[in-house]
Ligand SMILES: *[C@@H]1O[C@H](CO)[C@@H](O)[C@H](O)[C@H]1NC(C)=O
Ligand SMILES: *[C@@H]1O[C@H](CO)[C@@H](O)[C@H](O)[C@H]1NC(C)=O
Ligand SMILES: [Zn+2]
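Numbering (mature numbering (1 follows the signal peptide of the UniProt record, and there is no 0)), first residue to last: -23 to -1, 1 to 424.
Structure (structure tokens):
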């Protein structure tokens, strides 16, 4: 108890400080908002053993103060999903789901200027904490936006759900995936999902309409072993290195497109070597004068939804792991890129998707600027919802902010955080007020 208690006094201290500096009610309210954000940031939900008990208690207390309906779903033991509901006046309309994950990635404390769970605020107003960008900010902004809307007397037509899911950082199996495939989810009749995006170093917010899938490829080669002094063809090492050289050229060609500004990071296929394994072990390391008979390499490949998968698979089978060179390959994980009908898993970003248009307008109405829609370079929980055929958009309102997710000294400026709340207020207002011209009750009519 000793440690968390001393952490918890910190926001109180800043709160008092701000009270002394100014007594205006608006600034009071802003410091309360920041204090609540700090409390959430101070809960250690770091993988591999997140304190979900504490985060759940905190979120339920927030829900209570907002008079929202709440339930805790535990599809997997000790992996709670906190699901909050603001019922709309017309329950026949498909609902809105705002999703965020409660876990954060580990941090190397010694490399940080301020403790990763201290939520220290520096002179510039930067709030330092693991999760300040990814993505406790977004989860709290949803709640603060609801608080503002409620106090302004707003009543939603559509039902608004806010979900706080565990374990996104380790694949989302116990969290978003379980939620998306549950009967509870079916009953929610969700029409649109918002989930996380990325910070933007410039003034434009970033919106993500799809994401790259991960393929974990292992290629293996074999060949005749031989004396380390002998030059001969078709050794396992030579066979593997021919592939590695070719893969590296492909990697460079993709990276060149990004460097030249022709394509965004999420639009190219990335290849990165994860391991390289060979050699004949000896008591002191490896036998040095022997060319081994087996070698293998593992690659983390990230593929955009619009990539030509047939041509990629062909290259793997014919160029990078050809049987003719005594090579084999296998996938240790192969992310899905298409739905059951073979269509890329992307959400439409034009007028065919009213949720897209509404989102753009709502952000602009809150004085936010928007960049070109992007493909998320890595994976998020949004994938679980797109797989169901639902539109899902990734958005974390952080402009003029360096991208520090998973990095040391992750921070978010408090002014930027407050601005994001206004943006969500505008989005929630627009989304929950929207009634499609067509029939009610069938989300497919609206897509
Ligand atoms: C947070 O929890 C992780 C375990 O998941 C632990 O390694 C780390 O030391 C904790 N950090 C603090 C500040 O207590
Ligand atoms: C395949 O492996 C066999 C047996 O190790 C070897 O004799 C042959 O030269 C290899 N062929 C190629 C193309 O690498
Ligand atoms: Zn995240």
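Ideal Cβ positions, reconstructed from N, Cα and C, are used throughout, including at glycine.
Note that the structure is predicted; figures quoted are calculated from it, not measured.
Inset, instruction - Confirm, please, whether the CB-CB distance from residue 191 to residue 380 is below 8 Å. - result: No, they are not a contact pair.
Inset, instruction - Can you check DSSP and say which residues form a bridge with residue 262? - result: Bridge partners of residue 262: 259.
Inset, instruction - Could you tell me the distance, in whole angstroms, from the CA atom of residue 73 to the CA atom of residue 301? - result: Their Cα atoms are separated by approximately 53 Å.
Inset, instruction - Tell me whether residue 78 counts as near ligand 3, meaning its Cβ is closer than 7 Å to at least one heavy atom of that ligand. - result: Flag set: Cβ of residue 78 near ligand 3.
Inset, instruction - Let me know the beta strand (DSSP E) ranges lying completely inside the segment 326 to 389, each 3 residues or longer, listed in chain order. - result: Complete beta strand (DSSP E) runs here, min 3: 351 to 353, 369 to 372.
Inset, instruction - State the Cα-Cα distance for the pair residue 147 and residue 111, rounded to the nearest angstrom. - result: C-alpha separation (whole angstroms): 14 Å.
Inset, instruction - Give me the Cβ distance between residue 220 and residue 246, rounded to the nearest whole Å; I'm assuming they're in contact under 8 Å. - result: 16 Å between Cβ atoms; not a contact.
Inset, instruction - Could you spell out where the beta strand (DSSP E) holding residue 304 opens and where it closes? - result: 304 to 311 is the span of the beta strand (DSSP E), which, as asked, contains residue 304.
Legend entry - Limits of the beta strand (DSSP E) - the one that residue 426 falls within: Outside the displayed range of the chain (-23 to 424) lies residue 426, so it cannot be described from this structure.
Inset, instruction - Could you check if residue 103 is buried or exposed, using at least 16 other CB atoms within 10 Å of its CB as the buried criterion? - result: Answer is buried; the Cβ neighbour count reaches 16.
Legend entry - Nearest candidate by alpha-carbon position, reference residue 364, set 317, 343, 265: Residue 364 has its Cα closest to that of 317, out of 317, 343, 265.
Inset, instruction - Write down every uninterrupted run of the alpha helix (DSSP H) in the segment 13 to 87 whose length is 4 residues or greater and which is fully enclosed by it, in chain order. - result: Here the runs fully enclosed are 29 to 42.
Legend entry - Cβ-based burial, residue 313 [other Cβ within 10 Å; buried from 16]: So residue 313 counts as exposed.
Inset, instruction - Quick one: residues in its chain with C-beta nearer than 6 Å to the C-beta of residue 339, no 5 flanking neighbours on either side, listed in chain order? - result: Taken in chain order, the residues that qualify are 403, 404, 407.
Legend entry - Limits of the beta strand (DSSP E) - the one that residue 405 falls within: According to the DSSP assignment, residue 405 belongs to no beta strand (DSSP E) but to the alpha helix (DSSP H) extending over 391 to 410.
Legend entry - Selected residue, minimal CA-CA separation from residue 253, among 271, 149, 170, 261: Closest by alpha carbon: 271.
Inset, instruction - Would you check whether ligand 3 has a heavy atom nearer than 7 Å to the C-beta of residue 160? - result: A distance criterion of 7 Å places the beta-carbon of residue 160 beyond contact range of ligand 3, judged by its closest non-hydrogen atom.
Legend entry - Outcome for residue 78 when other beta-carbon atoms lying within 10 angstroms are tallied against a minimum of 16: Its Cβ being crowded by 16 or more others within 10 Å, residue 78 is buried.
Inset, instruction - Under 6 Å Cβ to Cβ from residue 10, same chain only, skipping five residues before and after it: list those, please. - result: Answer for residue 10: 121, listed in chain order.
Legend entry - Enclosing beta strand (DSSP E) for residue 116 [first to last residue]: Note, residue 116: premise wrong, no beta strand (DSSP E); alpha helix (DSSP H) at 113 to 128.
Inset, instruction - Look at the alpha carbon of residue 61 and the alpha carbon of residue 230, and state the distance between them as a whole number of angstroms. - result: If you take the alpha carbons of residue 61 and residue 230, they lie about 46 Å apart.
Inset, instruction - For residue 188, name the three-state secondary structure that DSSP assigns. - result: DSSP places residue 188 in strand when its eight states are reduced to three.
Legend entry - Per-residue DSSP class, three states only, for residue 106: In the structure shown, residue 106 sits in coil (DSSP, three-state: anything other than H, G, I, E or B).
Legend entry - Contact under 8 Å by Cβ, residue 101 with residue 390: Yes, the pair counts as a contact, with Cβ atoms nearer than the cut-off.
Inset, instruction - May I ask you to report which of helix, strand or coil DSSP gives residue 9? - result: Three-state result, residue 9: helix.
Inset, instruction - Would you list, in sequence order, the uninterrupted alpha helix (DSSP H) runs of no fewer than 4 residues that lie entirely inside the segment 163 to 250? - result: Whole alpha helix (DSSP H) segments, 4+ residues: 213 to 236.
Legend entry - Identity of the residue in 127, 267, 357, 332 nearest residue 209 by Cα: Cα-wise, what sits closest to residue 209 is 267.
Legend entry - Exposure label - residue 144; buried when at least 16 CB within 10 Å: Label assigned to residue 144: buried.
Legend entry - residue 21 CB to nearest heavy atom of ligand 1 below 7 Å: At least one heavy atom of ligand 1 is nearer than 7 Å to the Cβ of residue 21, so yes.
Legend entry - residue 230 Cβ short of 7 Å to ligand 1 heavy atom set: In terms of side-chain proximity, the C-beta atom of residue 230 is found no nearer than 7 Å to any non-hydrogen atom of ligand 1.
Legend entry - Start and end residues, beta strand (DSSP E) containing residue 140: Where residue 140 is concerned, the enclosing beta strand (DSSP E) stretches over 137 to 142.
Inset, instruction - Give a yes or no on whether the C-beta atoms belonging to residue 324 and residue 368 are separated by under 8 Å. - result: Result yes, Cβ atoms of residue 324 and residue 368 sit closer than 8 Å.
Inset, instruction - Tell me whether residue 173 counts as near ligand 3, meaning its Cβ is closer than 7 Å to at least one heavy atom of that ligand. - result: Yes, since a heavy atom of ligand 3 falls inside the 7 Å radius drawn around the Cβ of residue 173.
Legend entry - Three-state class that DSSP yields for residue 149 in the structure shown: Three-state DSSP puts residue 149 in coil, outside helix and strand.
Legend entry - residue 251 versus residue 116: straight-line alpha-carbon distance, rounded: Distance from the CA of residue 251 to the CA of residue 116, rounded to the nearest whole angstrom, comes to 33 Å.
Legend entry - Nearest to residue 107 (by Cα), restricted to the options 397, 274, 89, 67: Selected option, being the one with the closest Cα: 89.
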